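Below you'll find the structure, written out as structure tokens, and then a few comments.
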Amino acid sequence: MSGEHTPVAVVTGAGSGIGAATSHRLATEGYHVVLAARRTDRIEAVAKEIRAQGGSAEPHPLDVTDRDAVTALAASVERCDVLINNAGGAIGTEQVEDADSADWRTMYETNVLGSLHVSQALLPKLIDSGDGTIVVISSTAGFTVYEGGGGYSAAKHGQHALAGTLRMELCGRPVRVVEVAPGMVHTEEFSLNRYRGDEKKSAAVYAGVDQPLLAEDIADVVSWAVTRPSHVNVDFLVVRPRAQAAQHKVHRLEQPR
């Protein structure tokens, strides 16, 4: 973060969870944070919290699947030093034979095409910064499949391919591409959305797990990767809680009967 200008970080999906936590953390690192998400009330609240803590932030309502809206966002920012492609999410746990293709399409358009839209739109400014960084928040589902996760895993595989390809294509230009793949992270909305609002099923995901990751843990990792010296690129970083050895291997404490 050199030069006379305050560096700018654009964070998608910034209204809650990992996006909100990352926005807070980057603000403490001296970035002016542009909070982009669909729910205006949420990003306005996060921006207010950041400013109350002495940071610099502005909300920008955005649906990453809307190409025109993404183009307008890119035009509205004077510069961009860091882009956090965090908008995404999972819908449903149906197996492939019962899956609704509309759910799969929504996940693909949000996770993959959303990242594509925002990366394309902001790439010229990331390059012009002379020291840009693109972070893709993917998932361990991007390299390991599991029952009931076909649509989400397919989308995250696509996001992983996007990050890797973009890194190769930008080789020789002043932009790093970092992919962070979280494992089990307990946020307020991810599993609830996946289980279509069923709070009991959502809570069961984390039942008995001793200290699943929190959004702040991922924000800490993102901040570390972004603030490495310019010549250091953290290509691909997998982050899980100690209790999770793999998608299908999670240690759970004995639950009271």
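Everything in the sequence shown is counted per this note's numbering, starting at 12 for the first residue and increasing by one. Note that the Cβ used here is the ideal one computed from N, Cα and C, for glycine as well. Keep in mind the model is a prediction, meaning the values are calculated, not measured.
Cα atoms of A47 and Q170: separation of roughly 19 Å, rounded to the nearest angstrom. For Y163, same chain residues with a beta-carbon under 7 Å away, outside a window of 5 residues either side, are A101, M118, A152 in chain order. Under the criterion of beta carbons closer than 8 Å, I138 and V233 do not qualify as touching, at roughly 21 Å. Judged by DSSP in its simplified three-state form, E69 adopts strand. Between P193 and I229, the CB-CB gap stays under 9 Å.
Secondary structure note for R251: it is in no beta strand (DSSP E), with a DSSP letter that is neither H nor E.
Annotation for H197: no beta strand (DSSP E) segment contains it, and DSSP assigns it neither H nor E. Between D142 and D92, the C-beta spacing is below 9 Å. Straight through space, the alpha carbons of V147 and H197 are spaced by roughly 19 Å. A Cβ-Cβ distance of about 12 Å is found for the pair V45 and V81, leaving them out of contact under the 8 Å criterion. Per the C-alpha coordinates, the member of V237, V220, P240 positioned closest to A254 is V220. For the pair A98 and R116, the Cα-to-Cα distance works out to about 15 Å.
As summarised for the region 135-207, the continuous beta strand (DSSP E) elements at least 3 residues long and confined to that stretch are 143-148, 186-193, given in chain order. The beta carbons of A113 and S149 sit no closer together than 9 Å. Of the candidates A218, L225, W235, A218 places its Cα closest to the Cα of H262.
Here R205 is buried, its C-beta having at least 16 other C-beta atoms within 10 Å. In the structure shown, R239 falls within a coil segment according to DSSP collapsed to helix, strand and coil. Setting aside the 5 residues that flank it on each side, G24 is surrounded in the same chain by G30, A48, N97, A98, each with a C-beta closer than 6 Å to its C-beta; the list follows chain order. A166 is the residue among G160, A166, R178 whose C-alpha sits nearest the C-alpha of N122. Between T33 and G66 a beta carbon distance of about 13 Å is seen, past the 8 Å cut, so the two are scored as non-contacting. By the CB criterion at 9 Å, H43 and T76 fall outside the cutoff. Non-local beta-carbon contacts of E105 in its own chain, meaning distances under 6 Å to residues more than five positions away in sequence, are absent.
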